[in-house]
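*Asks:* The opening position of the sequence shown corresponds to residue 22 in the numbering used here, with each subsequent residue numbered one higher. After the structure tokens below, expect a handful of questions from me.
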Amino acid sequence: MTSIWDIINIPMGYVIKFCNWIMGNQYLFALLIFAIIIEIILLPFGIKQQKNSIKQAKLRPKEMAIRKKYAGRDDKPTQQKMTQEIQTLYQKEGYNPMGGCLPLLIQLPILIALYNIVLNPLRYICGLSTDAIAAVANVTKSFTGAEYDLARNLGLASDIRNVIDSHGIGVYSGIEGFAEHIQDITDVPQLSFLGKFDLGLEPTLAFSSFAQNWWLLLIPILTFVAYFFSMKITRKLTYQPVTDDKAMGCSNTMMDITMPLMSVFIAFSVPAAIGVYWIFKSLLGVVKQAVLKKAMPIPVFTEEDYKAAEKEMNVRVEKTPKNKSGRVVRSLHHIDDEDFADTAEAAKTRREALEAQEAADAAKKAEANKKGILSAAPIKKDDKKEEKTDEKTEKDSENDTE
């Protein structure tokens, strides 16, 4: 074991070797089988994450009742009080907001291990020692004339496969302990798909290699598409927590763009096999989440459920945590008066009076606006009435004259 990563690299190398064997030495399909196996291994963590989401969803009516209680009050002390009540609710119900992060953390070591395995297949898939790799490299060099990096022997593995296909395994018979390593050398994976597409190459924008390896550019593009739509679909298949923070929506939008773009950057920096695995992983992740949603559906609540939770949360007086001195700390802004038995009734009365006053003021304002509109409107003159008045005035004047 030459590296601490070998704790993961070596077992995963055997898994990929098994996948490569059952797929007839077709590395592309071996990566698909490997991705399926990894998703199956991580399935218990996915189930735990789904259970955690269900537990959070069940708290939604009570959480909404707390948020409604502080609706329209955006000052910092009120927002802190609201957050504190929500966290207290989570703790009381046994919900951990960080409980679903473990599957995401496990993905990174798997990608790093896969990167090491793809770059060093002779070590982790074939199981060759450093001395055996050096001996095989010398024989291969006599046919290709190329210099090889023994630590990153992906190109060497590809050339070994080509030499074996062209000249047979016997060309390596001069290696010391050949009988011991013959099976290992034979197990070198076939990185070329359909004999044309070498998954050991890295995608590049260089014009000189575009004509021959144009297909490599499809890997980063498909990685972006698969990652982007898998994030969108997965978000629809999973429970989304309640939030009043507009910045959170902007953050999600930024994540929808930056994360797929980051995957494109990585796909241009690693062999195509890593990008292919990433594509398979994104698609299988959507399938897994759809199955979990079907088997363990997120609860849906009615309007009556929300009203019942609101009534329960308003009636119940929660105990406020004490500080280190053992004294209960009350807010100077009186935002928590309803949480204490000695001030709850008075606070409720004040709140109802304030709400009634606000409603009355709103009604008066609406009435004043209505009167203002009527008084400002022009009054249409009655021409016929004016004509009759003028005629009557003329007759009265004639009678007075007589």
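All C-beta atoms in this analysis are idealised placements derived from N, C-alpha and C, irrespective of residue type, glycine included. Since we're looking at a predicted model, the values are computed, not measured.
Could you say if the segment 284-300 and the segment 131-141 meet the contact criterion of at least three C-beta pairs nearer than 8 Å?
*Replies:* yes
*Asks:* For residue 52, I'd like the list of residues in its chain whose CB is within less than 7 Å of its CB, leaving aside the five on either flank, ordered along the chain.
*Replies:* By one-based count along the sequence shown, residue 52 stands at place 31. Hits under 7 Å: 294, 297, 298 and 301.
*Asks:* Taking 8 Å as the cut-off, decide whether the C-beta atoms of residue 140 and residue 173 are in contact.
*Replies:* As a first step, residue 140 must be located in the sequence shown, where it is residue number 119. As a first step, residue 173 must be located in the sequence shown, where it is residue number 152. Yes, these two residues count as a Cβ contact at 8 Å.
*Asks:* Measure the Cβ-Cβ separation of residue 317 and residue 58 and say whether it is below 8 Å.
*Replies:* Here residue 317 corresponds to residue number 296 of the sequence shown, with the count starting at 1. Here residue 58 corresponds to residue number 37 of the sequence shown, with the count starting at 1. Going by C-beta atoms, residue 317 is not nearer than 8 Å to residue 58.
*Asks:* How far does the alpha helix (DSSP H) with residue 187 in it extend, from its first residue to its last?
*Replies:* One-based indexing of the sequence shown puts residue 187 at position 166. Residues 175-188.
*Asks:* Compare the Cα-Cα distances from residue 324 to each of 104, 68, 374 and 81 and report the closest residue.
*Replies:* Numbered from its first residue, the sequence shown carries residue 324 at position 303. Distance check between residue 324 and each of 104, 68, 374 and 81 places 81 closest, using alpha-carbon atoms only.
*Asks:* If you reduce the DSSP assignment to three classes, tell me which class residue 218 lands in.
*Replies:* Stepping through the sequence shown from its first residue, residue 218 is reached at position 197. Correct three-state label for residue 218: strand.
*Asks:* Starting from the Cα of residue 305, find the closest Cα among 60, 287 and 161 and give me that residue.
*Replies:* Stepping through the sequence shown from its first residue, residue 305 is reached at position 284. Residue nearest to residue 305 within the set 60, 287 and 161 is 60 (criterion: CA-CA distance).
*Asks:* Could you check which residue in 286, 167 and 332 has the C-alpha nearest to that of residue 84?
*Replies:* Here the question's residue 84 lines up with position 63 in the sequence shown. Residue 84 has its Cα closest to that of 332, out of 286, 167 and 332.
*Asks:* Output needed for residue 44: all residues of its chain with C-beta closer than 7 Å, excluding positions within five of it in sequence on either side, in chain order.
*Replies:* On the sequence shown, position 23 is the one that residue 44 refers to. Cβ within range, chain order: 50, 51 and 54.
*Asks:* Is the number of C-beta pairs between the segment 239-250 and the segment 277-289 that are closer than 8 Å three or more?
*Replies:* yes
*Asks:* Using only the alpha-carbon positions, how far apart do residue 190 and residue 156 sit?
*Replies:* Looking up residue 190 in the sequence shown gives position 169. Looking up residue 156 in the sequence shown gives position 135. Taking the straight line joining both Cα atoms gives about 14 Å.
*Asks:* Give a yes or no on whether the minimum CB-CB distance between residue 284 and chain B is below 8 Å.
*Replies:* Of the protein chains in this structure there is only one, and it is not chain B.
*Asks:* Let me know the secondary structure DSSP gives residue 26 once reduced to three states.
*Replies:* Here residue 26 is taken as the residue at index 5 of the sequence shown, counted from 1. Residue state, collapsed to three classes: coil.
*Asks:* On the DSSP letters alone, give me the boundaries of the alpha helix (DSSP H) that residue 112 sits inside.
*Replies:* Taking the sequence shown and counting its residues from 1, the one referred to as residue 112 is at position 91. From DSSP, the alpha helix (DSSP H) with residue 112 extends over 97-114.
*Asks:* Compute the beta-carbon to beta-carbon distance between residue 142 and residue 167, rounded to the nearest angstrom, for a pair I have assumed lies under 8 Å.
*Replies:* On the sequence shown, position 121 is the one that residue 142 refers to. On the sequence shown, position 146 is the one that residue 167 refers to. Not quite, the Cβ-Cβ distance comes to about 17 Å (not below 8 Å), so this is no contact.
*Asks:* Is residue 176 buried or exposed, if buried means 16 or more other CB atoms sit within 10 Å of its CB?
*Replies:* In the sequence shown, residue 176 corresponds to position 155, counting from 1. Answer is buried; the Cβ neighbour count reaches 16.
*Asks:* Quick check: the Cα distance between residue 225 and residue 291, rounded to an integer number of angstroms?
*Replies:* Numbered from 1 along the sequence shown, position 204 holds the residue referred to as residue 225. Numbered from 1 along the sequence shown, position 270 holds the residue referred to as residue 291. Their Cα atoms are separated by approximately 10 Å.
*Asks:* Starting from the C-beta of residue 311, find all residues in its chain whose C-beta is less than 7 Å away, skip the five residues before and the five after it, and write them out in chain order.
*Replies:* The count along the sequence shown starts at 1 and reaches residue 311 at position 290. So the list reads 258, once near-sequence residues are dropped.
*Asks:* Ends of the alpha helix (DSSP H) at residue 45?
*Replies:* Within the sequence shown, numbered from 1, the residue matching residue 45 stands at position 24. Neither: residue 45 is in no alpha helix (DSSP H) and is coded neither H nor E.
*Asks:* Grab the span of the alpha helix (DSSP H) containing residue 299 for me, first residue to last.
*Replies:* As a position in the sequence shown, residue 299 is number 278, starting the count at 1. 293-316 is the extent of the alpha helix (DSSP H) around residue 299.
*Asks:* What is the DSSP secondary structure of residue 372, reduced to helix, strand or coil?
*Replies:* Locating residue 372 in the sequence shown gives position 351, where the first residue counts as 1. In the structure shown, residue 372 adopts helical secondary structure according to DSSP, grouped into three states.
*Asks:* What's the gap between the Cα of residue 86 and the Cα of residue 107?
*Replies:* The count along the sequence shown starts at 1 and reaches residue 86 at position 65. The count along the sequence shown starts at 1 and reaches residue 107 at position 86. Rounded to the nearest angstrom, the gap between the Cα atoms of residue 86 and residue 107 is 10 Å.
*Asks:* What number of angstroms, rounded off, separates the C-alpha of residue 39 from the C-alpha of residue 203?
*Replies:* In the sequence shown, counting from the first residue as 1, residue 39 sits at position 18. In the sequence shown, counting from the first residue as 1, residue 203 sits at position 182. The straight-line gap from Cα to Cα measures roughly 18 Å.
*Asks:* In chain order, what residues of the same chain lie with their CB nearer than 7 Å to the CB of residue 103, ignoring the 5 residues before and after it?
*Replies:* Stepping through the sequence shown from its first residue, residue 103 is reached at position 82. The answer, listed in chain order, is 87, 88 and 91.
*Asks:* Using the beta-carbon count (16 or more within 10 Å), is residue 161 buried or exposed?
*Replies:* By 1-based counting over the sequence shown, the position of residue 161 is 140. Flag for residue 161 reads buried.
*Asks:* In three-state terms, what does DSSP make of residue 142?
*Replies:* Indexing the sequence shown from 1 puts residue 142 at position 121. Residue 142: helix per DSSP, three-state reduction.
*Asks:* Taking only the alpha-carbon atoms, compute the straight-line gap between residue 47 and residue 276 and give it to the nearest angstrom.
*Replies:* As a working mapping, residue 47 is identified with position 26 in the sequence shown. As a working mapping, residue 276 is identified with position 255 in the sequence shown. Each residue's Cα considered, the two are about 35 Å apart.
*Asks:* Please return the same chain residues whose Cβ sits closer than 7 Å to the Cβ of residue 130, not counting the five positions on each side in sequence.
*Replies:* Along the sequence shown, read from residue 1 onward, the residue named residue 130 stands at position 109. Cβ within range, chain order: 29.
*Asks:* Under 8 Å by Cβ, that's how I've got residue 281 and residue 249 pegged, so tell me the actual separation to the nearest angstrom.
*Replies:* Position 260 of the sequence shown, counted from the start, is the residue given in the question as residue 281. Position 228 of the sequence shown, counted from the start, is the residue given in the question as residue 249. In this structure, residue 281 and residue 249 form a Cβ contact; the two beta carbons are roughly 4 Å apart against a cut-off of 8 Å.
*Asks:* Nearest to residue 111 by CA position, among 252, 127 and 79, is which residue?
*Replies:* Position 90 of the sequence shown holds residue 111. With distances taken between Cα atoms, residue 111 lies closest to 79.
*Asks:* Inspect the beta-carbon positions of residue 153 and residue 169 and report whether they are closer than 8 Å.
*Replies:* Taking the first residue of the sequence shown as 1, we reach residue 153 at position 132. Taking the first residue of the sequence shown as 1, we reach residue 169 at position 148. The answer is no: Cβ separation not under 8 Å.
*Asks:* Helix, strand or coil for residue 331 per DSSP?
*Replies:* Here residue 331 refers to the residue found at position 310 when the sequence shown is read from its first residue. Residue 331: helix per DSSP, three-state reduction.
*Asks:* In the DSSP assignment, find the alpha helix (DSSP H) that holds residue 65 and state where it starts and stops.
*Replies:* Within the sequence shown, numbered from 1, the residue matching residue 65 stands at position 44. Run containing residue 65: 64-79, per the alpha helix (DSSP H) assignment.
*Asks:* To which residues of the same chain is residue 307 closer than 7 Å at the C-beta, ignoring the five residues directly before and after it?
*Replies:* Numbered from its first residue, the sequence shown carries residue 307 at position 286. Contacts found: 251, 254 and 255.
*Asks:* Helix, strand or coil for residue 119, going by three-state DSSP, please let me know.
*Replies:* If you number the sequence shown from 1, residue 119 lands on position 98. In the structure shown, residue 119 sits in coil (DSSP, three-state: anything other than H, G, I, E or B).
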